[in-house]
Each structure stands twice: as structure tokens, then as C-alpha cells.
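Enquirer: Residue numbers (this note's numbering): 19 to 137.
For glycine and all other residues, C-beta sits at the position ideal for the given N, C-alpha and C.
One structure is given below, represented as C-alpha cells, and several questions about it will come after.
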């Protein structure tokens, strides 16, 4: 808990200084083809610090670095998609849980769309 609070404090300091911060709302990586439940920290940070969210979808990381491994598994393809910013003004009246759920639903649809295109 202390380590988590320390990390959040450092992140807030970076945001106050005008820096961008990359956070992974799933908190872990898992098997290919699955979007895991999101954790709320990134969304609370965005609301508390009045900053926008830039959604980034990483696809192929499970094949490159399987969960539980620390060694790359040869040549694989990772796709990185960077989407337009969701400005703070667009979600400022939402609570962090509502924001988290809406972003997750959108990302799950986008992930599914990408995989339909690949097939």
C-alpha cells in the first residue's frame, strides 16, 4: 500500500509539472485476445489532475512476452494504435468508475474491431 501511494504521489507530481504519464489500466498483461478488467487509478488521476486521456491499444504483447516470462519469444509483431485525446472537459462530470467503464467498453469494441479486420 505504501509503495502504491508513493507511486501515485510521483505520478501526480509529474502531471503537475506538465509531463505526460503512461499508465496501463489493466495492471497486468494476459493471454492474447483478452482485455482484462481495468483498475481505477489512471482514471482517478486524470480526474483529480484535470488532464485528458490518450487511449493507446497495444496488440501482440502476449505473444512477444508471454505472462510469467522475462525473455522475448522471438520475432513477433506488436501493433500500437494511438487514438485522439479524450479531453478532460468531456469527462469532468463523471466519477472515476463511470469513466473507467466507458473507456473499457470503447477499448473492448476497438480491440474486437481490429481483430475482425485481421481475420
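What ranges does the alpha helix (DSSP H) occupy inside the stretch 26 to 75, keeping only unbroken runs of at least 4 residues that lie completely in it?
Expert: Qualifying alpha helix (DSSP H) stretches, in chain order: 59 to 67.
Enquirer: According to DSSP, what are the bridge partners of residue 97?
Expert: Partner(s): 77.
Enquirer: Alpha carbon to alpha carbon, what distance is there between residue 56 and residue 127?
Expert: So the alpha carbons of these two residues sit roughly 15 Å apart.
Enquirer: On the premise that residue 89 lies in contact with residue 78, defined as a C-beta separation below 8 Å, what is that separation, rounded to the nearest angstrom?
Expert: Not really, about 16 Å apart at Cβ, beyond 8 Å.
Enquirer: Leaving out five residues on either side along the sequence, give the residues of the same chain with a beta carbon under 6 Å from the beta carbon of residue 101.
Expert: Within the same chain, residue 101 has close Cβ partners 73.
Enquirer: Using the Cβ count rule (16 or more neighbours within 10 Å means buried), how would you classify residue 43?
Expert: Classification of residue 43: buried, given that the 10 Å Cβ count is 16 or more.
Enquirer: My assumption, with CB atoms under 8 Å, is that residue 106 sits in contact with residue 64. Please give the rounded CB distance.
Expert: 7 Å between Cβ atoms; contact.
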